[in-house]
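Visitor: Residue numbers (this note's numbering), protein chains in the order written: chain A, 9 to 118; chain B, 276 to 389. First the structure, which I've put down as structure tokens, then a few questions once you've had a look.
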């Protein structure tokens with residue numbers, strides 16, 4: 009079963025705009041990780057946020073975590089064409105298995 | 276530092292055959308995890324090996340098996356292939372166990388079962 013569920017499933021934005029996607033998970037997690045995948049290739053790790061953290065930044069990325077609501081959000085600011093990809097959240101459960109959601113497909117229009 | 280490599284990159288098999296996929300982790304990484312990605316089911320966890328021991332296993336039938344060697348390289352085997360096994364198989368390595376440390380993914384092996 010999938011731990012993370014991303015919302016929306018798809019997102020289309022203009023270059024320069026911000027993109028926000030959300031992830032909800034079902035059970036307690038040790039940490040939550042966000043990954044990016046370009047067109048059927050391998051996944052690239054973006055950010056890992058631990059269960060005792062509320063917010064993390066990395067370049068144009070900002071991730072928040074609300075353990076009381078079992079949700080996380082990923083914000084990409086000033087989007088570029090190269091940000092076109094699928095984004096996945098993955099929750100690490102008690103036994104440290106990573107469980108991925110179905111992903112949000114982001115299309116950045118020039 | 277070389278990334279995670281997977282061989283072969285593409286594979287075509289017929290139903291009933293078996294297949295072995297290989298994954299070489301980043302040097303110094305002791306954990307290798309395997310995932311199956313399909314359009315319908317998304318990314319599903321298969322299993323994780325850490326220091327040659329299977330540490331975690333997903334909900335896949337016994338036809339799916341794996342192993343890890345002393346140099347941390349890992350192989351995944353699927354026996355008696357079914358059409359539904361057609362997928363992108365991704366492996367990922369990490370320094371510690373996958374759920375704690377950042378996982379670095381390989382490019383994947385795309386398996387087509389005819």
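Backbone N, C-alpha and C define an ideal beta-carbon position, used for all residues, glycine too. Computed from a predicted structure; not experimentally measured.
DSSP state of residue 317(B), grouped into three classes?
Guide: strand
Visitor: By Cβ distance below 8 Å, which residues in the same chain neighbour residue 21(A) in space, the five residues on each side in sequence not counted?
Guide: 27, 87, 114, 115, 116, 117
Visitor: Residues in the same chain with beta-carbon distance under 8 Å from residue 310(B), minus the five sequence neighbours each way, listed in chain order, please.
Guide: 318, 319, 320, 321, 364, 365, 366, 367
Visitor: For residue 78(A) and chain B, any beta-carbon pair shorter than 9 Å?
Guide: no
Visitor: Might you give, ordered along the chain, the residues of its own chain that have their beta carbon closer than 8 Å to the beta carbon of residue 286(B), omitting 5 neighbours on each side?
Guide: 294, 296, 384, 385, 386, 387
Visitor: So with Cβ pairs under 9 Å, would you call residue 60(A) a contact of chain B?
Guide: no
Visitor: Could you check where the beta strand (DSSP E) with residue 375(B) kicks off and where it finishes?
Guide: Where residue 375(B) is concerned, there is no enclosing beta strand (DSSP E), given that its DSSP letter is neither H nor E.
Visitor: For residue 331(B), does the count of other Cβ atoms within 10 angstroms reach 16, so buried, or fall short, so exposed?
Guide: Buried, by the Cβ-count rule.
Visitor: Can you give the Cα-Cα distance for residue 352(B) and residue 361(B), rounded to whole angstroms?
Guide: Roughly 14 Å separates the two Cα atoms.
Visitor: When burial is assigned at 16 or more other CB atoms within 10 Å of the CB, is residue 303(B) buried or exposed?
Guide: Here residue 303(B) is exposed. Its C-beta has fewer than 16 other C-beta atoms within 10 Å.
Visitor: Taking residue 65(A) as part of the beta strand (DSSP E), name the residues at either end of that continuous run.
Guide: 63 to 66
Visitor: For chain A, check one thing: does any of its Cβ atoms lie closer than 9 Å to the Cβ of residue 323(B)?
Guide: yes
Visitor: Under three-state DSSP, which class holds residue 367(B)?
Guide: strand
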